[in-house]
Amino acid sequence: ASYFSNKDTIVAVATAAGRGAIAVIRLSGPQAIIIAQSVFRGKDLRQQATHTIHFGTIRDGARLVDEVLISLFLAPHSYTKENVVEISCHGSDYIVQEIIKLLLKNGARLAQAGEFTKRAFLNGQFDLAQAEAVADLIAADSAKSHEVALKQMRGGFSAEIKALRGQLIHFASLIELELDFGEEDVAFADRSALENLIHELQRLIRNLLQSFALGNVIKNGVPTVIVGKPNAGKSTLLNVLLNEEKAIVSEIPGTTRDFIEDEISLEGITFRFIDTAGLRETQDKVEAIGVERSRQKIEEAALIIYLFDVNELSPAELGSELQALNTSGKPVLAVANKVDLARNLEPAAYETVVPVLYIAAADKVGIETLKQKLISTVNQGNLNTGSSTIVTNLRHYASLEQTNQALDAVLQGLAQGISGDFLAADIRRALYALGEITGEITTDDLLENIFSKFCIGK
Ligand code: GDP
Ligand code: ZN
């Protein structure tokens, strides 16, 4: 049997585990209403209109399990486009389990991870890229990642891909038409127009590919590292950065969100500090290992803060230290610490080497400027993109690369004046790769891979 049968009615709790005021149990499938009715006392759900809510009780035989509200969404006016029943019950795990057990006894089966969204996709509610955005939206924990996921879910990305694909299909069909006419010299497809189109497509695809760096940053945070000599003040600075954030988070009444120690979120951008736990635990033992260790961390980072004690490092020494770091083109912020101890600070001397920010980490001086610099480095740095659409998904990135390669082959073919059937094959390859993004082209493996990453109940 396949992982999937659309004839089954599936059930799962849609809200998070643990004790909330209410929990929502969701049923989807042809039998959803009948199965719900078999445990519900209140109204005859089969007689009710779509998008209505009904109060009643859930009973196991004579035993009262809970008082609930039932929301009805009749096919095709639901998330999955099937009949959907949502039972809002009191939010104890015990009640949820009891109700789900009853529903299973009456003919539902437990939903697999992502099965609701997979059904929505298979029933044409949205395309694959939009379905994936649902998962991203649920996982989004910063303003920016939320914005990107929402845009993708509402189809912005898909529309762009579909437009590209539509233009290519136009040419592919003209070339196929030529093939139908056989060996005679008919050329329906204007070769130079095709070449122009491919250049245009590749420009768009390159923008999308470049946006992935930013997309990745938005989704996963900017991997950031603080390096510098022992006693420069790295641990102090890190604690100041993280603790300020912690204070802000805990000031908001009712926030229960877990604070991840090594991340800060600044204006919607998450900065993830690399290997900082170890750095603090073992204090300066690790740091004494020095440059080699730093280099490893720099490998993993997208952004580097080089911190130095302004009283210990001359401009010339700063220059050679930075050179020794070999940051392979990644942005480096040179930050001078302990300005409170400096007697005659000469900023101009450092400026001849590299722009420097001045702070006193222990006194929290200059921290705000440093934060602004972190943000502007991400916003204006090489992470910037010419595309308003941002690719966040590795699968989409890979498909775009394949498309690009196939288009290269088409261009090469055009340059060499190869025959239409070879051109058509390369165009088809490009179409296939583009189609995989939105799901016009799918395989069972691909679907299983995507939807198994969802949580149960979505
Ligand atoms: P690390 O080895 O780079 O992690 O440096 P630490 O953060 O452990 O700091 C080394 C020492 O410098 C500690 O005694 C800190 O209190 C001190 N320190 C850090 N920042 C400042 C600062 O801005 N001014 C002064 N005067 N001392 C600082
Ligand atoms: Zn330290």
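In short: position in the sequence shown from 1, add 3, done, that's UniProt numbering.
Glycine is no exception: its CB is placed at the ideal position from the N, C-alpha and C atoms.
Pick helix, strand or coil for residue i, following the three-state DSSP scheme.
i: T441; result: helix
i: E203; result: helix
i: R168; result: helix
i: D69; result: strand
i: Y82; result: coil
i: F174; result: helix
i: G332; result: coil
i: H149; result: helix
i: I277; result: coil
i: P318; result: helix
i: R62; result: strand
i: D312; result: strand
i: A337; result: strand
i: F76; result: strand
i: S455; result: coil
i: T53; result: coil
i: L197; result: helix
i: L269; result: strand
i: L182; result: helix
i: Q286; result: Bear in mind that the predicted position of Q286 carries a pLDDT of just 47, short of 50, making it unreliable; the figure below should be weighed with that in mind. Of the three classes helix, strand and coil, the one that applies to Q286 here is coil, per DSSP.
i: S161; result: helix
i: E349; result: coil
i: I421; result: coil
i: T227; result: strand
i: S323; result: helix
i: S95; result: coil
Does ligand 1 have even one heavy atom less than 7 Å from the beta-carbon of residue i?
i: A166; result: no
i: G23; result: no
i: A364; result: yes
i: T239; result: yes
i: N340; result: yes
i: G231; result: yes
i: L348; result: no
i: A235; result: yes
i: D69; result: no
i: D343; result: yes
Do you know offhand how far residue i's Cα is from residue j's?
i: R298; j: D424; result: 51 Å
i: I370; j: A401; result: 39 Å
i: K232; j: F311; result: 7 Å
i: L200; j: K333; result: 34 Å
i: A364; j: V137; result: 41 Å
i: Q128; j: V87; result: 14 Å
i: N396; j: A428; result: 27 Å
i: R44; j: N109; result: 15 Å
i: S83; j: N126; result: According to the sequence shown, residue 83 is Thr rather than Ser. So the alpha carbons of these two residues sit roughly 7 Å apart.
i: S31; j: T120; result: 11 Å
i: S331; j: E89; result: 54 Å
i: I277; j: I25; result: 38 Å
i: Q405; j: E443; result: 16 Å
i: L373; j: L241; result: 12 Å
i: E118; j: V381; result: 37 Å
i: V357; j: V313; result: 14 Å
i: A146; j: S455; result: 26 Å
i: L414; j: V394; result: 25 Å
i: V99; j: F124; result: 27 Å
i: I453; j: A134; result: 9 Å
Would you please verify whether the beta carbon of residue i is less than 8 Å from any beta carbon of chain C?
i: T395; result: Protein chains in the displayed structure number just one, and chain C is not present.
Compare the Cα-Cα distances from residue i to each of the options and report the closest residue.
i: A409; options: I208, E181, V230, A152; result: I208
i: L344; options: I277, R29, Y361, T53; result: Y361
i: G438; options: L72, G169, N329; result: G169
i: N210; options: K300, T380, N407; result: N407
i: Y435; options: A175, E324, S455, E203; result: A175
i: L153; options: V413, A132, E266; result: A132
i: L177; options: Y353, A192, E163; result: A192
i: I56; options: S41, V338, I73, L197; result: I73
i: V220; options: L245, A196, S268; result: S268
i: P318; options: V338, K300, L306, I307; result: V338
i: A116; options: C92, A17, A143; result: A17
i: E163; options: H399, D96, S41; result: H399
i: V368; options: D139, V342, Q100; result: V342
i: V71; options: K46, R194, I430, A196; result: K46
i: L77; options: H93, S95, Q50; result: Q50
i: Q326; options: N340, E315, Y309; result: Y309
Is residue i close to ligand 4? I mean its beta-carbon at under 7 Å from any heavy atom of the ligand.
i: I277; result: Inclusion of ligand 4 in the displayed structure is not the case, the ligand content consisting of ligand 1 and ligand 2 alone.
Continuous alpha helix (DSSP H) assignments of at least 4 residues falling wholly in the segment 112 to 139 | You should have 118 to 125.
Could you name each continuous beta strand (DSSP E) segment of 3 residues or more that falls completely within the segment 7 to 51, going from the start of the chain to the end?
-> Runs of the beta strand (DSSP E) inside the segment 7 to 51: 13 to 16, 25 to 31.
Whole alpha helix (DSSP H) elements within the segment 355 to 416, 4-residue minimum | 370 to 383
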